[in-house]
Amino acid sequence: MSLSSRAAELRPSPTLAIEAKAKAMRAAGVDVVSLSAGEPDFDTPEHIKAAAAAAIKAGFTKYTPASGIPELKAAVAKHVKASQGLEYEPKQVVIGCGAKHVIANAITALVDVHDEVLIPAPFWVSYPAMVRLAGGTPRIVYADGETRIWNPDEAYLTPVAAGYKLNPASLAKGLNAKTKMVILNAPSNPTGIVYTPAELEGLAAVLREFPKTWILSDEIYDCLVYAGEAKSIAAVAPDLKGRVLLVNGVSKTFAMTGWRIGWALGSEHVIGAIGNLQSQTTSNPTSIAQKAALAALEGPKDSVAAMFAEFKKRRLLIAEGLSKIPGFRVAPADGAFYAFPDVRGLFENPSVASKLGFKPGQPPKGFSSALASHFLESAKVAMVPGGEFGLECHLRLSFATSADNITKAVSRMSESVSGLMKA
Ligand SMILES: *Cc1c(COP(=O)(O)O)cnc(C)c1O
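Under my numbering, the first residue of the sequence shown is numbered 37, with each subsequent residue one higher.
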């Protein structure tokens with residue numbers, strides 16, 4: 037039996053795969069601390085669950101319009117008006133089965149076989165895979181200005197000084213006549229970076245020169261910003277709004293990952309195409325979950341504030357802890373809930389490198405994965421290798437876990453590094 041070429045090149049999402057391995061170790065009685073999860077550790081707030089229960093009781097259990105219920109579209113538009121000052125009509129809103137689904141559909145709706153999609157590294161792991169599924173070509177742009185067609189086996193190292201933000205010069209280098217879409221993600225998974233309005237304006241100036249390029253702005257972490265503000269490029273550069281697809285959802289803000297509700301706002305033409313895709317494939321997102329999402333957007337926000345306060349404390353705890361480990365360099369995340377330490381100091385340490393199977397002068401390809409496996413086996417701490425996000429010699433550690441777990445993980449990793457450094 038042979039799979040389609042599209043399915044054959046797909047790999048499971050590495051974040052989900054590592055989380056599964058950690059769970060299996062735990063089930064076998066191993067005391068694993070997992071910092072690999074990409075979801076809040078909090079329970080969905082009670083009033084949201086109650087709205088879902090009420091929807092079931094009231095028999096709101098049938099098909100809804102494929103692109104979502106009008107009340108939820110209106111609530112989403114109201115939410116974006118309040119947070120970004122942007123006006124959208126309900127027909128410019130589509131509700132899907134999570135932001136992931138909406139992004140995949142947006143790419144399918146816009147990208148043709150010879151089109152390129154520009155993705156700044158480090159990137160959320162699913163973007164390149166989605167572009168390939170749609171038949172397009174992911175072009176990765178690195179912070180040092182290098183751009184390359186995506187190859188899942190390659191990950192590059194970026195000079196520390198360049199930081200993790202896409203800058204106008206590298207954006208300009210990556211764009212060409214084939215670029216159908218640019219994907220921006222801030223606050224970012226995995227780096228936690230947030231662009232300043234001036235930085236977004238710099239990117240917008242370059243994008244003005246490419247009027248046929250769409251801008252997909254994944255703003256799923258916009259309510260989790262600890263430093264700076266989460267401005268949308270559509271708000272900073274209103275002249276580009278017509279070709280921005282603004283993507284968000286309830287998963288991260290309201291601790292609702294399992295409910296699967298996300299949305300996109302943008303031009304009626306593209307939003308309508310995404311709705312058509314849904315009507316021929318999934319039909320509507322779950323009726324009950326839509327009612328829950330409506331309650332989340334319209335209800336009290338005190339539980340969101342409490343979760344935010346907790347994340348804000350942990351962001352410092354994890355950055356302080358990790359930066360004390362030799363070979364680690366890390367700044368507190370400005371947004372989202374991940375620490376993304378640069379561990380090239382370990383790669384450059386001869387004892388560590390040789391213990392992990394690397395020879396002097398060898399390129400770092402696979403180093404983050406070897407190190408993450410070492411931490412899982414020797415320190416019983418799970419995390420995601422930076423290579424999965426297109427940036428070697430980095431690790432992604434989620435702080436969507438308790439302060440106790442963070443402290444425990446950091447101390448175990450520190451001990452494990454001491455062992456690696458011993459000649
Ligand atoms: C979690 C995440 C998503 C997907 O969210 P869902 O709404 O649960 O599908 C999208 N983009 C990024 C960057 C994420 O981290």
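We treat Cβ as the ideally placed atom computed from N, Cα and C, and that holds for glycine.
Review point. Which residue comes first and which comes last in the alpha helix (DSSP H) that contains V280?
Key: As a working mapping, residue 280 is identified with position 244 in the sequence shown. No alpha helix (DSSP H) holds V280; the beta strand (DSSP E) holding it covers V280 to G285.
Practice item. Give the range of the beta strand (DSSP E) segment to which A73 is assigned. Key: Start at 1 with the first residue of the sequence shown, and residue 73 comes out as number 37. Segment: none, A73 is in no beta strand (DSSP E) and carries neither H nor E.
Exercise for review: Return yes when at least one heavy atom of ligand 1 lies under 8 Å from the C-beta of K114, else no.
Suggested key: Here residue 114 corresponds to residue number 78 of the sequence shown, with the count starting at 1. The answer is no for K114.
Check your understanding: Are the CB atoms of S434 and G121 nearer to each other than 9 Å?
Key -> As a first step, residue 434 must be located in the sequence shown, where it is residue number 398. As a first step, residue 121 must be located in the sequence shown, where it is residue number 85. Cβ distance not < 9 Å, so S434 and G121 don't count as in contact.
Review point. What is the rounded straight-line gap between the Cα of N212 and the Cα of K114?
Key: To locate residue 212, count along the sequence shown from 1; it is residue 176. To locate residue 114, count along the sequence shown from 1; it is residue 78. Taking the straight line from one Cα to the other gives about 36 Å.
Check your understanding: Taking all protein chains shown into account, do 16 or more other C-beta atoms lie within 10 angstroms of the C-beta of V149, making it buried, or fewer, making it exposed?
Key -> Locating residue 149 in the sequence shown gives position 113, counting from the first residue. Classification of V149: exposed, given that the 10 Å Cβ count is below 16.
Review point. From the DSSP output, which residues share a beta bridge with A300?
Key: Numbered from 1 along the sequence shown, position 264 holds the residue referred to as residue 300. DSSP lists V130 and V283 as partners of A300.
Practice item. With DSSP as the reference, please indicate the residues paired to E152 in a beta bridge. Key: Taking the first residue of the sequence shown as 1, we reach residue 152 at position 116. E152 pairs with T173 and T215.
Review point. Which two residues bound the contiguous alpha helix (DSSP H) that contains I442?
Key: As a position in the sequence shown, residue 442 is number 406, starting the count at 1. Element bounds for I442: A439 to M457.
**Study point:** Among S315, F364 and A300, the one whose alpha carbon lies nearest that of S454
**Key:** Taking the first residue of the sequence shown as position 1, residue 454 is located at position 418. Minimum Cα distance to S454 is reached at F364.
Point to revise | Identity of the residue in M217, L220 and D275 nearest R244 by Cα | key: In the sequence shown, counting from the first residue as 1, residue 244 sits at position 208. The shortest C-alpha separation from R244 is found at D275.
**Study point:** Beta-carbon proximity list for A102, same chain, < 7 Å, skipping 5 on both sides
**Key:** For the purposes of this step, residue 102 is taken as residue 66 along the sequence shown, with counting starting at 1. Here the set comprises G311, Q314, S315, S319 and N320.
Practice item. Just list the beta strand (DSSP E) runs in the stretch 237 to 292, keeping only unbroken ones of 3 residues or longer that don't cross its boundaries, in chain order. Key: 250 to 254 and 280 to 285
Check your understanding: Going by other Cβ atoms of all chains shown within 10 Å of its Cβ, with 16 needed for buried, is K277 buried or exposed?
Key -> For the purposes of this step, residue 277 is taken as the residue at position 241 of the sequence shown. Buried is the call here.
Practice item. Out of D254, E255, I256 and L202, state which residue places its alpha-carbon closest to the alpha-carbon of A240. Key: Taking the first residue of the sequence shown as 1, we reach residue 240 at position 204. The shortest C-alpha separation from A240 is found at L202.
Practice item. Could you name the residues of the same chain whose beta carbon sits closer than 8 Å to that of Y262, not counting the 5 residues immediately before and after it, in chain order? Key: Numbered from its first residue, the sequence shown carries residue 262 at position 226. Taken in chain order, the residues that qualify are F347, K348, R351, P368, A369, D370 and G371.
Review point. Ends of the alpha helix (DSSP H) at S404?
Key: Translated into the one-based positions of the sequence shown, residue 404 becomes position 368. S404 -> alpha helix (DSSP H) spans F403 to H410.
Exercise for review: Spatial neighbours of F81 within its chain, please: CB distance less than 6 Å, with the 5 preceding and 5 following residues excluded, ordered by chain position.
Suggested key: For the purposes of this step, residue 81 is taken as residue 45 along the sequence shown, with counting starting at 1. It should be pointed out that residue 81 corresponds to Pro in this sequence rather than to Phe. The answer, listed in chain order, is S339.
Practice item. Please go through the same chain and pick out, in chain order, the residues whose beta-carbon is closer than 8 Å to the beta-carbon of D378, but skip the five residues on each side of it. Key: By one-based count along the sequence shown, residue 378 stands at place 342. The residues are V196, F364, R365, V366, C429 and H430.
Review point. Where does G371 sit, in a helix, a strand or coil, going by DSSP?
Key: Your numbering for residue 371 matches position 335 in the sequence shown. Looking at G371 - three-state DSSP - the assignment turns out to be strand.
Review point. By how many angstroms is the C-alpha of V286 removed from the C-alpha of K337?
Key: The sequence position of residue 337 within the sequence shown is 301, counting from 1. The sequence position of residue 286 within the sequence shown is 250, counting from 1. For K337 and V286, the distance between alpha carbons rounds to 13 Å.
Exercise for review: Check I310 in the structure and name its three-state DSSP category.
Suggested key: Here residue 310 corresponds to residue number 274 of the sequence shown, with the count starting at 1. Helix, per DSSP.
Review point. Does DSSP classify A234 as helix, strand or coil?
Key: Numbered from its first residue, the sequence shown carries residue 234 at position 198. In this structure, A234 counts as helix in the three-state DSSP scheme.
Review point. Terminal residues of the continuous alpha helix (DSSP H) containing L353?
Key: Stepping through the sequence shown from its first residue, residue 353 is reached at position 317. It spans D338 to S359 - the alpha helix (DSSP H) in which L353 sits, taken as one unbroken run.
Check your understanding: In the DSSP assignment, what residue or residues form a beta bridge with P421?
Key -> The residue given as residue 421 occupies position 385 in the sequence shown. The partner list for P421 (beta bridge, DSSP) reads L431.
Check your understanding: Within 10 angstroms of its Cβ, does E384 collect 16 or more other Cβ (buried), or is it exposed?
Key -> Taking the first residue of the sequence shown as 1, we reach residue 384 at position 348. By the neighbour-count rule (16 or more Cβ atoms within 10 Å), E384 is not buried but exposed.
Check your understanding: Apart from the five residues just before and just after V66, which ones in its own chain have a Cβ nearer than 7 Å to its Cβ?
Key -> In the sequence shown, residue 66 corresponds to position 30, counting from 1. Closer than 7 Å at the Cβ level, and outside the excluded window around V66, lie K416.
**Study point:** Minimum C-alpha distance to A135 - residue among A63, S253 and A58
**Key:** Here residue 135 is taken as the residue at index 99 of the sequence shown, counted from 1. Nearest of A63, S253 and A58 to A135, Cα basis: S253.
**Study point:** As assigned by DSSP and simplified to three states, the class of N141
**Key:** Indexing the sequence shown from 1 puts residue 141 at position 105. The answer is helix: DSSP assigns N141 an H, G or I state.
Point to revise | Range covered by the alpha helix (DSSP H) that runs through R62 | key: Position 26 of the sequence shown, counted from the start, is the residue given in the question as residue 62. R62 -> alpha helix (DSSP H) spans P50 to A63.
Review point. Starting from I324 and walking both ways along the alpha helix (DSSP H), at which residues does that stretch end?
Key: Mapped onto the sequence shown, residue 324 falls at position 288. Run containing I324: S323 to E334, per the alpha helix (DSSP H) assignment.
Check your understanding: Are three or more beta carbon pairs between the stretch 137 to 155 and the stretch 218 to 234 nearer than 8 Å?
Key -> yes
Point to revise | Residue interval of the beta strand (DSSP E) (run including I185) | key: On the sequence shown, residue 185 is found 149 positions in, with the first residue counted as 1. T183 to I185 is the extent of the beta strand (DSSP E) around I185.
Check your understanding: Should I84 be labelled buried (16 or more other beta-carbon atoms within 10 Å of its own) or exposed?
Key -> In the sequence shown, residue 84 corresponds to position 48, counting from 1. With 16 or more Cβ atoms within 10 Å of its Cβ, I84 is classed as buried.
Point to revise | For Y178 and R62, the rounded distance between their alpha carbons | key: Within the sequence shown, the letter at position 26 stands for residue 62. Within the sequence shown, the letter at position 142 stands for residue 178. Answer to the nearest angstrom: the Cα atoms are 37 Å apart.
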